[in-house]
Each structure stands twice: as C-alpha cells, then as structure tokens.
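**Q**
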Amino acid sequence: MRNLFGYVGRAFIAFLGILSRIYFLFRETLVQSRIVLHDPVRRGQAGILRRIDEVGARSLPLVMTVSAFLGIAFTVLVSFQLRELGALSYLPGFVAVALLREVGPLITALIIAGRVGAAFTSRIGTMKVAEEILALETMAINPVRFLVVNRFLAMLVSLPALTVIASVTALAGGFLYGNLRLGITLDTYLRETLDVIVFKDVYSGLLKSVVFAAVIVLVGCDRGFAVEGGAEGVGRATMLAVVSSTLTIIVFDTIMTTAFYG
Amino acid sequence: MITVDNISKTYGNRKVLDGLCFSAEGRKITYVFGTSGGGKSTMLKILIGATAPDSGEVRYGDLDITALRGRSLDPYRKRIGVLFQNNALLNSLTVAENIALPIREHTALDQNIVHIMVKMKLELVGLRDFEDLYPEQLSGGMQKRVALARALALDPEVVYFDEPTSGLDPIIASVITKLIKDLNRLLGITCIVVTHAVHEAMKIADKIILLYRGKVLAEGTPQEIRESADPLVQQFITGSPDGPISFHASSKDFRDDLLVG
Numbered sequence: 004m005r006n007l008f009g010y011v012g013r014a015f016i017a018f019l020g021i022l023s024r025i026y027f028l029f030r031e032t033l034v035q036s037r038i039v040l041h042d043p044v045r046r047g048q049a050g051i052l053r054r055i056d057e058v059g060a061r062s063l064p065l066v067m068t069v070s071a072f073l074g075i076a077f078t079v080l081v082s083f084q085l086r087e088l089g090a091l092s093y094l095p096g097f098v099a100v101a102l103l104r105e106v107g108p109l110i111t112a113l114i115i116a117g118r119v120g121a122a123f124t125s126r127i128g129t130m131k132v133a134e135e136i137l138a139l140e141t142m143a144i145n146p147v148r149f150l151v152v153n154r155f156l157a158m159l160v161s162l163p164a165l166t167v168i169a170s171v172t173a174l175a176g177g178f179l180y181g182n183l184r185l186g187i188t189l190d191t192y193l194r195e196t197l198d199v200i201v202f203k204d205v206y207s208g209l210l211k212s213v214v215f216a217a218v219i220v221l222v223g224c225d226r227g228f229a230v231e232g233g234a235e236g237v238g239r240a241t242m243l244a245v246v247s248s249t250l251t252i253i254v255f256d257t258i259m260t261t262a263f264y265g
Numbered sequence: 275m276i277t278v279d280n281i282s283k284t285y286g287n288r289k290v291l292d293g294l295c296f297s298a299e300g301r302k303i304t305y306v307f308g309t310s311g312g313g314k315s316t317m318l319k320i321l322i323g324a325t326a327p328d329s330g331e332v333r334y335g336d337l338d339i340t341a342l343r344g345r346s347l348d349p350y351r352k353r354i355g356v357l358f359q360n361n362a363l364l365n366s367l368t369v370a371e372n373i374a375l376p377i378r379e380h381t382a383l384d385q386n387i388v389h390i391m392v393k394m395k396l397e398l399v400g401l402r403d404f405e406d407l408y409p410e411q412l413s414g415g416m417q418k419r420v421a422l423a424r425a426l427a428l429d430p431e432v433v434y435f436d437e438p439t440s441g442l443d444p445i446i447a448s449v450i451t452k453l454i455k456d457l458n459r460l461l462g463i464t465c466i467v468v469t470h471a472v473h474e475a476m477k478i479a480d481k482i483i484l485l486y487r488g489k490v491l492a493e494g495t496p497q498e499i500r501e502s503a504d505p506l507v508q509q510f511i512t513g514s515p516d517g518p519i520s521f522h523a524s525s526k527d528f529r530d531d532l533l534v535g
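Sequence lines, in order, name chains U and F.
Sequential numbering from 4 applies to the first sequence in my numbering.
Sequential numbering from 275 applies to the second sequence in my numbering.
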C-alpha cells in the first residue's frame, strides 16, 4: 500500500514538473515570438515559410487521404442509423456538424501530433544529444527562439488551415457516399448542410485547432529538450511526446467541446 | 585571467571535482589534462557556464561566472568561443551558415559584410572553398576546423577547447595544435585546452595543469612538469600502465566482491 502511495505521489510530482516546464516554455515562446515578429531581420532568418511547407504543405496528402476515408466511413455509419429512423434527410447536416465541430479538428491534430510533433522531439532531442543546443547556448543564442518559435508560428498557421482542408475533404467524402449510394443530389446535400451549420461550428473547430497546435509544439519541443542518454533517450522521448500530446489533445478536446456545446 | 577558486561538484555519490583551484593567465595557452573521468569535462562545463558547481566560484577578470544564470551569462558568452569535442555544428545549416550564425545573432551587420567575415574565418582554418557544404559532407578533421572557425566568429578573448585532437589522425592533430598556437601567438587569444594528449600539451603550452581525482595534482610550465619528482605526474607523462594510478575504477576489493555471492 505504501508502495502504491509512493508511486502515485512520485508520478504526480513528475507530472507537475512537466506542467511547470511546459508553462515556462510557453511563456518563453510567446516572449521570443514577439521579438521575432517585431524584427524584420529575425523574421526573415526564422524561416517560418519553410516550416509551414514542412509541417503544413507536406502533411496535406496524409491529412486529405485519412479525412476522405473517414468522411465516407462516418457517413456510412450515420446513414445506416438514420435510415432506420426514416430521417435520412438529416444526414448532410448531422455529418457536417460532427465533422466541423469534433472529428475534423481532432483527427487532424492527432495525425499531426504523430507526423510532426514526433519529428520535433526527435530533431531537438538529437540536437541535445549532439550538444548542438549547448553550443547554441554558449554562443548566447536563445534555443527557444532558434528552435521553437518558427515551429510554433508555423503550426499556428498550418494546423487551422489543415483542419479546414480536412473537414472539407471529409464532407466531400460524405457527399460522395450520399450521392453514389443514397442518391442525394449536390443541391440537396449542400442546402441541407448549409441549413444546419452555423458560424460557431466553424470557429469552435478552428479555435480547437489553434489550441492543439500549441499543445503539439510545446509537448514535442519540451520532450526534445528533456532528452538524456543518446539514441535510446531520443526514441523514448519521441514515444512519450506522441503519447502525451495525444492524451492532452483528447483532454482539451473534451473540455472545449463541453465548454462550447455542453 | 581566469580564476577557479575551490570548486566542487558531485554527481550522485561520485565527487567529480573536489576543491579545484587554479588560475589561467590571459593571452596564454593553458592545458588542463588528466585521466578519463578525472573531472576535466565537468570543469569545462562549469567554465563555460553550462553547469553550476556545488560550491566555489569561477572568475573571469572581475566577473563571477558562477553567480550568473541563464540570460545574464550572455555578455560573458559573447566574449568566449568553445570548440566542442564532437564539434556540435548544426547539421541543418551549411558551413557558412554555421559560422554566420553567431555573427547574425549578435551584430546588425550587412549580409555582404557577414559573408566577408565568414570567408575570413574559413581562410584562417584553411577551408575557404567549403562554405556551401553541410557538416556531414566533411571529414572529421574538416568539421573540427569549421567548428573552430565558428568559435572564432565573434573574435573571442578566450577559446575553450574540449579534446581538440581526439579521434583525429596525427597530421590533422598537429594542424589543430598549430592552429591553437597561431591563434594565441598571432591574435593574442587566451586558449584553455582540456585534453589527455600529453605530447601536444608539452609542445605548445605556457602552463600545464594536471587534474587527478577532482583536484590539481601539479601545475607549472611543461619543463617543470617534465622534471617533477612525483611518481603520479611521471606516470601521466610517460603514459605507463604501471604506477600509482591503477586502471581499476572500482573501490571494492575484488576478493570480497567475489565471495559475497
């Protein structure tokens, strides 16, 4: 029993430690982002566009493929239930609300946490192991400004954009099934969709994606900076980063969905 | 002038530095050497402000480095250069970008001037034609020289070298040693070299500090060290496996250790 208390206590203290690290990283990132955005020379050097290409544009094929299939699968399931109830005309609206509010932002964030967040951790972790971060510090170069700010700004732009694209692709997938299997015309599908969705459905999803972007960058970079002990350490940190950001995203998603619509 | 005053550092149960005291004069080459695990790397980390000692202080002129934390170390760090053992070049940047990095960060110079400065630093280490390559495309010796060019980017007063010749072939090792000597003699840069390469130390050092078990075992000019009567010092210089320094790192008696099971 004492062991159990000890274990829970230690885990809780470790959790608080990580929270405080992430808080300080977040604060430093905001301060440094301000500096970079206000200084044209630093803004140019930060290579934000290159990062947007790396985290955003290059994630497009994966995000679009997954969301198209998901849109189809989701519509298949919903239509099955609605047909039983004789309420098939509600299908487009139902699918649109679920995709815009919940599935689009969540699935995009989870894909990006795996694809990009993991890459952040392993990149920064490898630099930590190779003493590159120590070298930056001894050159009086702020590692957060050099390594986190451009990733942070790129993600704040990319993830909401990817979320919109993912939601639209999933909706298109849904329409494809509705049209080909259920015979719903484009006109009807669009009208039914636009009748139901409101602006809040769109901006709540976008707001979620902004929060998820911050979570992915901060958790990914923090785990990278925390790497100890060579290649094995990098592997462990990368795995931990994906697990922690996935969990955090889902917790934040539940909190925000409840706050908006609960 | 760098003064190390009574610094101690413990990792877990292991006391790595135990009241270390020495001073290194400005515009001179000071070599610090000792056995592996003798506290050299920890000492260097404390000197560059990467680790804080448990007690004691390090002064650079009037500046107490050990009292500074985080951003307040920056003014000191802009006055020093560090050549890391594994070079620590940024792999995502080209040779030129690596060297330009500290210049761009700390000066508002025009791109063309930065470019000229980079060329000058590369010429200093004999690698002017390699500016567009990435570190991984270079050999170990070339990477070392690029890392040195980067350490010199901001015209530092002091350059710290961590094992500058380990893992290099004898010719490149001599080239690096000559570069250290030239930096000191021609540019007046204070050089602090941490190494276990005794022979190069004997060749160019103004002062040698011999570290053993976290303390200074002996210090003086190469001549004084060579003539020391201390058998420990002699074993260091000759590199003999037989002598007062045992190669056994464990403190327990072997017989007792076997009989416990």
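Glycine included, every Cβ here is placed at the ideal spot set by N, Cα and C.
1) Who are the near neighbours of Ile136 of chain U in its chain, counting only those whose CB is closer than 6 Å to its CB and skipping five residues on each side?
2) State yes or no: is the C-beta of Gly181 of chain U within less than 7 Å of the C-beta of Leu103 of chain U?
3) If you drop the 5 nearest sequence neighbours on each side, which residues of the same chain put their C-beta closer than 7 Å to that of Leu506 of chain F?
4) Are the beta-carbon atoms belonging to Gly50 of chain U and Asn153 of chain U less than 7 Å from one another?
5) For the ligand NAD, is there a heavy atom less than 6 Å away from the beta-carbon of Arg24 of chain U?
6) Using alpha carbons as the reference points, say which of U:Phe215, U:Ala175, U:Leu193 lies closest to Pro163 of chain U.
7) With C-beta atoms as the reference, is Ala425 of chain F less than 7 Å away from Leu357 of chain F?
8) Between the region 156 to 171 of chain U and the region 280 to 287 of chain F, do three or more beta carbon pairs fall short of 8 Å?
9) Name, going along the chain, the residues of the region 371 to 405 of chain F whose beta-carbon falls closer than 8 Å to a beta-carbon of chain U.
10) Taking 7 Å as the CB-CB cut-off, is Leu221 of chain U touching chain F?
11) Within 7 Å of any Cβ in chain F, is that where the Cβ of Ile127 of chain U sits?
12) Please check the pair Asp406 of chain F and Ala370 of chain F, which I expect to be a contact at CB under 8 Å, by giving their CB distance rounded to whole angstroms.
13) Within its chain, find whatever has a CB closer than 7 Å to the CB of Phe510 of chain F; leave out the 5 residues flanking it on each side and keep chain order.
14) Could you tell me the distance, in whole angstroms, from the CA atom of Leu221 of chain U to the CA atom of Asp443 of chain F?
15) Check for me: the alpha helix (DSSP H) holding Val123 of chain U runs from which residue to which?
16) Specify whether the region 357 to 368 of chain F and the region 325 to 335 of chain F touch according to this definition: at least 3 beta carbon pairs, one from each stretch, less than 8 Å apart.
17) So what's Arg333 of chain F in DSSP terms, helix, strand or just coil?
18) Counting along the chain, where does the beta strand (DSSP E) carrying Asn280 of chain F start and finish?
19) Can you tell me the Cα-Cα spacing of Gly20 of chain U and Ser247 of chain U, whole angstroms?
20) Look up Ile463 of chain F in the DSSP assignment and say whether it is helix, strand or coil.
21) Ile127 of chain U to Arg343 of chain F, Cα distance in whole Å?
22) Could you tell me whether the Cβ of Thr141 of chain U comes closer than 7 Å to any Cβ of chain F?
23) Taking any Cβ of chain U, which residues in the region 461 to 491 of chain F have a Cβ under 9 Å from it, in chain order?
24) Provide the residue(s) that pair with Gly494 of chain F in DSSP beta bridges, ordered along the chain.
25) Taking all protein chains shown into account, decide if Ala495 of chain F is buried (16 or more other Cβ within 10 angstroms of its Cβ) or exposed.
26) In whole angstroms, what is the alpha-carbon distance linking Phe72 of chain U and Ala217 of chain U?
27) Round the Cβ separation of Gly177 of chain U and Phe255 of chain U to the nearest angstrom and send it over; I've been treating them as touching at under 8 Å.
28) Rounded C-beta distance between Leu428 of chain F and Pro376 of chain F? I'm assuming under 8 Å.
29) For Pro515 of chain F, count neighbouring Cβ atoms within 10 angstroms of its own Cβ and tell me buried if that reaches 16, exposed if not.
30) For Asp122 of chain U, go through chain F and note every residue whose CB falls closer than 7 Å to its CB, in chain order.
31) Can you list the alpha helix (DSSP H) stretches of 4 or more residues lying completely in the region 396 to 478 of chain F, in chain order?
32) Cβ of Arg30 of chain U within 7 Å of Cβ of Val39 of chain U?
33) Which residue comes first and which comes last in the alpha helix (DSSP H) that contains Val106 of chain U?
34) For Ile144 of chain U and chain F, any beta-carbon pair shorter than 7 Å?
35) Tell me, which residues are paired with Asp338 of chain F by DSSP?
36) For chain F, is any of its Cβ atoms less than 7 Å away from the one on Glu135 of chain U?
**A** Taking the coordinates as given:
1) Met130, Pro146
2) Result no, Cβ atoms of Gly181 of chain U and Leu103 of chain U do not sit closer than 7 Å.
3) Tyr486, Leu491, Pro518, Ile519
4) yes
5) The model on display carries no ligand, and the ligand NAD is accordingly not part of it.
6) Out of U:Phe215, U:Ala175, U:Leu193, U:Phe215 has the C-alpha closest to the C-alpha of Pro163 of chain U.
7) For Ala425 of chain F and Leu357 of chain F, yes; Cβs fall inside 7 Å.
8) no
9) Leu375, Pro376, Arg378, Glu379, His380, Ala382
10) Judged by the 7 Å Cβ criterion, Leu221 of chain U is not in contact with chain F.
11) no
12) Between Asp406 of chain F and Ala370 of chain F, the beta carbon gap of about 7 Å places them in contact (Cβ cut-off 8 Å).
13) Within the same chain, Val472, Leu484 come within 7 Å of Phe510 of chain F by CB-CB distance, once the 5 residues on both sides are set aside.
14) C-alpha of Leu221 of chain U to C-alpha of Asp443 of chain F: approximately 43 Å in a straight line.
15) Here the sequence assigns Phe to residue 123 of chain U, which means Val is not the residue at that position. 121 to 132 is the span of the alpha helix (DSSP H), which, as asked, contains Phe123 of chain U.
16) No: fewer than three Cβ pairs fall under 8 Å.
17) strand
18) 276 to 285
19) Their Cα atoms are separated by approximately 14 Å.
20) coil
21) 22 Å
22) Using beta-carbon distances, Thr141 of chain U counts as an interface residue toward chain F, with a partner under 7 Å.
23) Within the region 461 to 491 of chain F, no residue qualifies.
24) F:Ile482
25) In the sequence as displayed, the identity of residue 495 of chain F is Thr instead of Ala. Flag for Thr495 of chain F reads exposed.
26) 27 Å
27) That pair is no contact at about 26 Å.
28) 5 Å
29) exposed
30) Here residue 122 of chain U is Ala; the residue named in the question, Asp, does not match the sequence. Result: empty, since nearest Cβ-Cβ is about 12 Å, beyond 7 Å.
31) 414 to 425, 444 to 461, 472 to 478
32) no
33) Premise fails: Val106 of chain U is in no alpha helix (DSSP H) and is neither H nor E.
34) Yes, because at least one Cβ of chain F sits closer than 7 Å to the Cβ of Ile144 of chain U.
35) F:Arg333
36) For Glu135 of chain U, the nearest CB of chain F lies under 7 Å from its own CB, placing it at the interface with that chain.
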